[in-house]
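Quick notes on the structure that follows.
2 protein chains.
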Amino acid sequence: MSDFTSYMNAALEEAEAAASRGEVPVGAVVVDAAGRIIGSGGNETRALSDPTAHAEVLAIRRACARIGSERLIGCSIWVTLEPCPMCAAAIGFARCHALHFGASDPKSGGVDHGPQVFNAASAHHVPEVYRGASEHQCAMLLRDFFAKKRTLS
Amino acid sequence: MSDFTSYMNAALEEAEAAASRGEVPVGAVVVDAAGRIIGSGGNETRALSDPTAHAEVLAIRRACARIGSERLIGCSIWVTLEPCPMCAAAIGFARCHALHFGASDPKSGGVDHGPQVFNAASAHHVPEVYRGASEHQCAMLLRDFFAKKRTLS
Numbered sequence: 122m123s124d125f126t127s128y129m130n131a132a133l134e135e136a137e138a139a140a141s142r143g144e145v146p147v148g149a150v151v152v153d154a155a156g157r158i159i160g161s162g163g164n165e166t167r168a169l170s171d172p173t174a175h176a177e178v179l180a181i182r183r184a185c186a187r188i189g190s191e192r193l194i195g196c197s198i199w200v201t202l203e204p205c206p207m208c209a210a211a212i213g214f215a216r217c218h219a220l221h222f223g224a225s226d227p228k229s230g231g232v233d234h235g236p237q238v239f240n241a242a243s244a245h246h247v248p249e250v251y252r253g254a255s256e257h258q259c260a261m262l263l264r265d266f267f268a269k270k271r272t273l274s
Numbered sequence: 122m123s124d125f126t127s128y129m130n131a132a133l134e135e136a137e138a139a140a141s142r143g144e145v146p147v148g149a150v151v152v153d154a155a156g157r158i159i160g161s162g163g164n165e166t167r168a169l170s171d172p173t174a175h176a177e178v179l180a181i182r183r184a185c186a187r188i189g190s191e192r193l194i195g196c197s198i199w200v201t202l203e204p205c206p207m208c209a210a211a212i213g214f215a216r217c218h219a220l221h222f223g224a225s226d227p228k229s230g231g232v233d234h235g236p237q238v239f240n241a242a243s244a245h246h247v248p249e250v251y252r253g254a255s256e257h258q259c260a261m262l263l264r265d266f267f268a269k270k271r272t273l274s
């Protein structure tokens, strides 16, 4: 298994843990320049009563706390779903070197869709963006979660 | 003094406190439907080593924690500066009823500038937006802060 697969697998584990808590199954990990996972998170908006507690924001906050810096120079972030505008902007503020995401999000995404945060002339830092890692698995997790919610409601 | 002036004054006090800590002087308060300030914050990105610790995000997180909900239904948020894309999206996720901001931010704003988050067809919730409250004071605070920084560097 390549490192690339293992990073997205770690993000998928966070997403699965979020689903088991009744949260939208999105997960993220931050990987430093040496290849170590230094922060991870799954959605916790409901548990924390915090609309900003998306997987990416939590992973970034934890990684920054760990290294004692507001900038994640040389780090990459791996997310199961295309980041929303809030998270895309947070990834830019954190100065992440690269963003890898799995499933595309035409409804709420902020990278390839909606306000396309990194395409704005005012974007101060634009990471390299890589799409489609474990795309099917990432998308199925979300599809199953919402299908189950509809059945229950 | 009208309530409107007092809310922006409270946000300005947060911005001044941020400046005195060496943080970019932006402040925000969340006001509930009854007119009470239920959350406030000034930039703390440096002190907290957290790139998401903008005034608006902190004020929203504190207000949500206080009422035990991830949604600030019927609340308004008062910010000294036009929110960036991250904060604009967070204000949308929090379902704030109204956004009042003081100074315009052509360089990093995300409401009237850059990705114009609320203008995207995918914006799930768009608050009423009011501009220009205490604009001069809000802008001068930022101008003085950066002028002083340039003199010192």
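These protein sequence lines are chains A and B, in that order. Our numbering applies: residue 122 is where the first sequence begins, and numbers increase by one. Our numbering applies: residue 122 is where the second sequence begins, and numbers increase by one. Using N, Cα and C, we set each Cβ at its ideal position, and we do this for glycine too. All figures in this text were calculated on a predicted structure; none of them were measured in a lab.
Taking 9 Å as the threshold, the shortest C-beta distance from A/Thr173 to chain B falls below it. Look at B/Glu191: its C-beta is under 9 Å from a C-beta on chain A. The closest CA to that of B/Ala132, considering only B/Ser274, B/Ile188, B/His175 and B/Asn240, is found on B/His175. The DSSP-derived three-state label of A/Val200 is strand.
The C-beta distance from A/Glu203 to A/Gly163 rounds to 16 Å, too long to meet the 8 Å contact threshold.
Using a Cβ distance threshold of 9 Å, A/Val232 and A/Ala184 do not count as a contacting pair. Buried is the label assigned to A/Thr173, since at least 16 other Cβ atoms lie within 10 Å of its Cβ. Going by DSSP, A/Ser161 is part of the beta strand (DSSP E) stretching over Ile158 to Gly163.
For A/Phe267, the enclosing alpha helix (DSSP H) stretches over residues Glu256 to Leu273. The beta carbons of B/Glu165 and B/Arg142 sit closer together than 9 Å. Residue-level contact check: A/Cys185 touches chain B, since one or more beta carbons of chain B fall below 9 Å from its beta carbon.
The residues Leu193, Cys196, Ile198 and Pro248, in chain order, have a CB closer than 6 Å to that of B/Cys217 in the same chain once the five nearest residues on each side in sequence are set aside.
Between B/Gly230 and B/Cys205, the CB-CB gap stays under 9 Å.
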